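Asker: Residue numbering for the sequence shown follows the numbering used here, beginning at 345 and increasing consecutively.
Note that CB positions come from ideal geometry on N, CA and C, so glycine has one too.
In this text the structure is predicted, and so the values were computed from the model without any measurement.
Can you keep this structure in mind? I'll have questions shortly.
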Amino acid sequence: MKYLWVLLLCLVATLAIAQGDPLPDEKGLVAAAQAKTDADPHNVELWLALGNAQATVWRMTDSIASYTKGLAIDPDHVGLLLNRGHRYVSVGKYDLALKDLHAANEQIHPEPLTSELNDAFEISYHIGIAHYMQGDFAKSAAAWDRCRDLARTDDQRASSSDWSYMTYRRGKRDKEAAAILEKVQPDWKITGNPSYFHRLLFYKGLKKESELLDDKSESVAVATVSYGIGNWYLYNGDAAKARPYFEKAIASKAWATWGYIGSAIELKRK
345 MKYLWVLLLC
355 LVATLAIAQG
365 DPLPDEKGLV
375 AAAQAKTDAD
385 PHNVELWLAL
395 GNAQATVWRM
405 TDSIASYTKG
415 LAIDPDHVGL
425 LLNRGHRYVS
435 VGKYDLALKD
445 LHAANEQIHP
455 EPLTSELNDA
465 FEISYHIGIA
475 HYMQGDFAKS
485 AAAWDRCRDL
495 ARTDDQRASS
505 SDWSYMTYRR
515 GKRDKEAAAI
525 LEKVQPDWKI
535 TGNPSYFHRL
545 LFYKGLKKES
555 ELLDDKSESV
565 AVATVSYGIG
575 NWYLYNGDAA
585 KARPYFEKAI
595 ASKAWATWGY
605 IGSAIELKRK
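Take a look at the structure:
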């Protein structure tokens, strides 16, 4: 029994290290959301808000628990299923993620209503990520195709095009990847994180590798851009050049980002 307990402690420690440390709740968002949920624990929307606040500071296990409590009240809640699925991807539980994401998708109309478009996009996006991280590039590509069809903003077009391109290249469907890249326009108006857009411009030859990062780049950008460059070298046949970029993504310590997770998978494969 003693040895079983020691083994369990080691397993928990390993999982904690794999997830990394949370960010500080500097703005008190988690504390505020927790207080509201404590005051009204049967309010599903408050459980969603709490889970989202916890995820913002990378408390993924806590956020999953909050979404789960909300789903105990409303098992078909699209926002809870979508966000729990997202966070399951973040901690590498891809089968659980896909179960939630497909359940969320069943609540969306086949031709999404205007009010459903963003959820439909996010569901397809995270289905694409989950299959990609599993190495199932065929299923991932199908999700990205739908994601691009659902995109309504240049930010959405950039993120879905970037992942589509990488997925097709990893699946050795280079002509289809080139066709996706051809549609990318350098005048797209990006209002959020520009990393995906910058990667696309790099693939198109419109940005130099040296222009993508600098000493002031934040850890999330370092992980995201480094993975994209490393991946680009990998599917262009230069694994030796790819590896330092995957290592750079890991060194960023931005463990909750797709770039970090994808890089960790690649380094494990080698």
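If you run the structure through DSSP and keep just helix, strand and coil, what is E455?
Answerer: Position 111 of the sequence shown, counting from 1, holds the residue named residue 455. Looking at E455 - three-state DSSP - the assignment turns out to be coil, as it is neither helix nor strand.
Asker: Looking at the structure shown, is Q398 part of a helix, part of a strand, or coil, going by DSSP?
Answerer: The residue given as residue 398 occupies position 54 in the sequence shown. Of the three classes helix, strand and coil, the one that applies to Q398 here is helix, per DSSP.
Asker: Given this structure, state the Cα-to-Cα distance separating D518 from L578, to the nearest angstrom.
Answerer: One-based indexing of the sequence shown puts residue 518 at position 174. One-based indexing of the sequence shown puts residue 578 at position 234. Computed Cα separation, rounded: 14 Å.
Asker: On the CB-based measure, 16 or more other CB atoms within 10 Å of its CB, does H542 come out buried or exposed?
Answerer: To locate residue 542, count along the sequence shown from 1; it is residue 198. Result: buried.
Asker: L445 and H470 - do their beta-carbons sit closer together than 7 Å?
Answerer: Residue 470 sits at position 126 when you count from the first residue of the sequence shown. Residue 445 sits at position 101 when you count from the first residue of the sequence shown. It is a contact, given that the beta carbons lie within the stated cut-off.
Asker: Return the CA-CA distance between A495 and G372, expressed in angstroms with no decimal places.
Answerer: Translated into the one-based positions of the sequence shown, residue 495 becomes position 151. Translated into the one-based positions of the sequence shown, residue 372 becomes position 28. Looking at the two C-alpha atoms, the distance is approximately 33 Å.
Asker: Spatial neighbours of G429 within its chain, please: CB distance less than 7 Å, with the 5 preceding and 5 following residues excluded, ordered by chain position.
Answerer: Residue 429 sits at position 85 when you count from the first residue of the sequence shown. Only A441, D444, L445, A448 and H470 meet the Cβ criterion.
Asker: Decide yes or no for the touch test of the region 565-572 against the region 393-412: beta carbon pairs closer than 8 Å, at least 3 of them.
Answerer: The region 565-572 vs the region 393-412: no contact.
Asker: In whole angstroms, what separates the C-alpha of S563 from that of L390?
Answerer: The residue given as residue 563 occupies position 219 in the sequence shown. The residue given as residue 390 occupies position 46 in the sequence shown. Looking at the two C-alpha atoms, the distance is approximately 30 Å.
Asker: Buried or exposed for N396, please, with buried defined as at least 16 other CB atoms from any protein chain shown within 10 angstroms of its CB.
Answerer: Reading the sequence shown from its first residue, position 52 is the one you call residue 396. Buried: at least 16 other Cβ atoms inside 10 Å.
Asker: Answer yes or no: do V528 and L544 have a C-beta to C-beta separation smaller than 7 Å?
Answerer: As a position in the sequence shown, residue 528 is number 184, starting the count at 1. As a position in the sequence shown, residue 544 is number 200, starting the count at 1. Yes.
Asker: Specify the secondary structure class of S539 as computed by DSSP and reduced to three states.
Answerer: As a position in the sequence shown, residue 539 is number 195, starting the count at 1. Helix.
Asker: Nearest to G423 by CA position, among D463, A521, A379 and N537, is which residue?
Answerer: Here residue 423 is taken as the residue at index 79 of the sequence shown, counted from 1. The shortest Cα separation from G423 among D463, A521, A379 and N537 belongs to D463.
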